[in-house]
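A.B. asks: I have a structure I would like to understand better, so I am pasting it below and will then ask my questions one at a time.
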Amino acid sequence: METITRGKSRKAPLVLIHDGGGTTASYHALINLEHDIYGIENPLFHASKPWKGGIPAMARAYSALVELELGQTSVLLGGWSFGGLVALEMVDILQIEYGIDVQGVLLLDSVCPTSWKFSAARNDYHVLSTAYAACLSSKLLVMNMMKQSTLMAEQWQAPQWQSTMSDHREHNCCCAGSPLPSEGKGMSPRRGPLVVLVRCLNRLNPGDKAIARVDISRDCETLGWEHARPGLVSRTVECNANHFNLFTKDFVHETTEKIREALVAMESDFAGFA
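Each residue of the sequence shown is one higher than the last, beginning at 902 in our numbering.
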């Protein structure tokens, strides 16, 4: 686990899980957040090996690392894209097995994988953040990690809890895919922490007829989550970026502000719910 920034307050630390490429490089661009921010990279990145056990195994390893390194009584979790899925999986492990309160989960343009699992959308492996463009060998490792992350995401099932203050309003959700088989009318899932989604408004290539996988649910307010797990995402904060440029110099100031807005919402909800 690495320290990304040190905050000036005693607020719960924010632990950000690596993106699908396996690194936390993009998080270092974030500006002046009050929280201590830590990042967890994929320890198998340089070995380019897949995780046995997929996202659940990854979440278990990262949860143990959080308990070992921080020893906090409460934390905030989050991640960009694939990292958001792992963060969701970590919630139960931290709260039930380690007794660590998760005050909230920050999804940074994390698309619900069921929305593109059976779609014809093209892959996004060739569209990499500029943070990875400096070294060809690193880019190849990132592309391999993205392929592995895609496979893990397709095999993963989101948790069954609802966000603590979900208002059950009708979301604008016109995404592809079908609800997971475990769902059904009358289901009453248990409560979980507030989940706030920072959703990018722009597509990667607006004029391209071939829709990228990360954009298959772009017009859905919850990026497909409301369709597959109603109530999981409670709030959506919109950002004028696309999936791969939200941490670049042109957008990182706005991205930071949207993250700050999401963190305030999570803290307020946790204080009222506790």
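Glycine residues also receive a C-beta, built at the ideal position from the N, C-alpha and C atoms.
Remember, it's a predicted structure, so these values are computed and weren't measured experimentally.
Quick check: is any heavy atom of the ligand ZN less than 8 angstroms from the C-beta of Asp937?
C.D. replies: This structure lacks the ligand ZN; in fact it carries no ligand of any kind.
A.B. asks: If you check the beta carbons only, do Leu966 and His936 fall under 9 angstroms apart?
C.D. replies: In this structure, His936 does not lie closer than 9 angstroms to Leu966 by Cβ.
A.B. asks: Does DSSP put Arg961 in a helix, in a strand, or in coil?
C.D. replies: Of the three classes helix, strand and coil, the one that applies to Arg961 here is helix, per DSSP.
A.B. asks: Do the CB positions of Arg961 and Ile932 come within less than 9 angstroms of each other?
C.D. replies: No. Outside cutoff.
A.B. asks: Grouping DSSP H, G and I as helix and E and B as strand, with all else coil, what is Glu1158?
C.D. replies: In this structure, Glu1158 counts as helix in the three-state DSSP scheme.
A.B. asks: Does the structure place the region 1119-1133 close enough to the region 906-920 that three or more beta carbon pairs sit under 8 angstroms?
C.D. replies: They do not touch, by the three-pair rule.
A.B. asks: Under the three-state reduction of DSSP, which class applies to Ser949: helix, strand or coil?
C.D. replies: Ser949 falls in the coil class under three-state DSSP.
A.B. asks: Distance, Cα to Cα, Met991 vs Ser964?
C.D. replies: When rounded, the distance between both Cα atoms is 6 angstroms.
A.B. asks: When you compare the CB positions of Ile1001 and Glu970, do they come within less than 9 angstroms of one another, or not?
C.D. replies: Taking 9 angstroms as the Cβ cut-off, Ile1001 and Glu970 do not qualify as a contacting pair.
A.B. asks: Need the endpoints of the alpha helix (DSSP H) that Gly984 sits in, please.
C.D. replies: Phe983 to Asp993 is the extent of the alpha helix (DSSP H) around Gly984.
A.B. asks: Which of the three DSSP states is assigned to Thr1015 in this structure?
C.D. replies: Three-state result, Thr1015: helix.
A.B. asks: With a 10 Å radius around its C-beta and 16 neighbouring C-beta atoms as the bar for buried, classify Ser1050 as buried or exposed.
C.D. replies: Buried, since its Cβ has 16 or more Cβ neighbours within 10 Å.
A.B. asks: Per DSSP, Val1097 is paired with what?
C.D. replies: Per DSSP, Leu1007 and Arg1136.
A.B. asks: Starting from Glu903 and walking both ways along the beta strand (DSSP E), at which residues does that stretch end?
C.D. replies: Glu903 to Thr906 is the span of the beta strand (DSSP E), which, as asked, contains Glu903.
A.B. asks: CB-CB under 6 angstroms to Asn1146, same chain, minus the five flanking residues each way: which ones, in chain order?
C.D. replies: Only Phe1152 meet the Cβ criterion.
A.B. asks: Can you tell me whether Ala948 is buried or exposed? The criterion is at least 16 other CB atoms within 10 Å of its CB, across all chains shown.
C.D. replies: It is exposed - the Cβ of Ala948 has fewer than 16 other Cβ atoms within 10 Å.
A.B. asks: For Asn1141, which residues from the same chain have a beta carbon less than 6 angstroms from its beta carbon, with the 5 sequence-adjacent residues on both sides left out?
C.D. replies: The answer, listed in chain order, is Leu1102.
A.B. asks: Could you check if Thr974 is buried or exposed, using at least 16 other CB atoms within 10 Å of its CB as the buried criterion?
C.D. replies: Exposed is the call here.
A.B. asks: Using DSSP with H/G/I as helix, E/B as strand and the rest coil, what is Arg1114?
C.D. replies: Correct three-state label for Arg1114: helix.
A.B. asks: Which of helix, strand or coil does DSSP assign to Ser910?
C.D. replies: Here Ser910 sits in coil by DSSP.
A.B. asks: DSSP three-state call for Ile932: helix, strand or coil?
C.D. replies: Three-state DSSP puts Ile932 in coil, outside helix and strand.
A.B. asks: Give me the DSSP bridge partner(s) of Val1153.
C.D. replies: Partner(s): none; Val1153 has no beta bridge.
A.B. asks: Keeping to the same chain, check which residues put their C-beta closer than 6 angstroms to that of Val1138; ignore five residues upstream and five downstream.
C.D. replies: Closer than 6 angstroms at Cβ, skipping near neighbours: Val1099, Lys1159, Glu1162 and Ala1163.
A.B. asks: Within the continuous alpha helix (DSSP H) that includes Ala1129, where are the two ends?
C.D. replies: Element bounds for Ala1129: Trp1126 to Ala1129.
A.B. asks: Among Val1115, Thr925, Gly1093 and Ala913, whose alpha-carbon lies nearest the alpha-carbon of Ile997?
C.D. replies: Checking every option, the nearest Cα to that of Ile997 belongs to Gly1093.
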